[in-house]
Amino acid sequence: MRPVLHGDLVAGARALLCVPRGLRWRAARDLVAQADAADRYRRRLGRIHPDWGNGTLMAAALGRPHAPERRLDDPDYADCLILVLEAVRHWRQRRWTGVIGARPAKPMVFHHVRR
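Counting from 1, one number per residue, gives the positions in the sequence shown under full-length UniProt numbering.
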């Protein structure tokens, strides 16, 4: 996967907003895996992946349905940003440790109470 920038996280969170809450962690991991696969495809064949783009998280995310960007104090949006960050961290840890078959723990998702 290409380097992850702020815009990649925003695009990923926007894509996750369109996914039902109970399926978001899986969708976040899939999104990161698709960006990584697209980057390997691009490097190997010299062209972008037809479905997942150029290997950036943003390209993979914007190829899916995505919601408009929300304010950072929106609890649902904040949870989606956290999930994207957790998925990227999980992907990096697996690459560094070489643990391929490890099942990821579900990240802690903060549920905010509106007053």
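Cβ atoms here follow ideal geometry from the backbone N, Cα and C, with glycine treated the same way.
Practice problem: From the DSSP output, in three-state form, read off His6 for me. | Solution: Looking at His6 - three-state DSSP - the assignment turns out to be helix.
Exercise. Can you say whether residue 176 is buried or exposed, counting buried as having 16 or more other CB atoms within 10 angstroms of its CB?
Key: No answer is possible for residue 176: it lies beyond the span of the chain, which begins at 1 and ends at 115.
Quiz item: Which first and last residues belong to the alpha helix (DSSP H) in which Ile82 is found?
Solution: That run of the alpha helix (DSSP H) goes Pro75 to Thr97.
Quiz item: Assuming Leu72 contacts Ala78 under a Cβ cut-off of 8 Å, what Cβ separation, rounded to an integer in Å, is found between them?
Solution: Ala78 and Leu72 do touch by the CB rule: their CB atoms are close to 6 Å apart, below 8 Å.
Practice problem: Check whether the Cβ atoms of Ala33 and Ala15 lie closer than 9 Å to each other. | Solution: The criterion of a C-beta distance shorter than 9 Å is not satisfied by Ala33 and Ala15.
Self-check item: Endpoints, the alpha helix (DSSP H) within which Asp36 is located
Solution: Segment Arg24 to Leu45, the alpha helix (DSSP H) holding Asp36.
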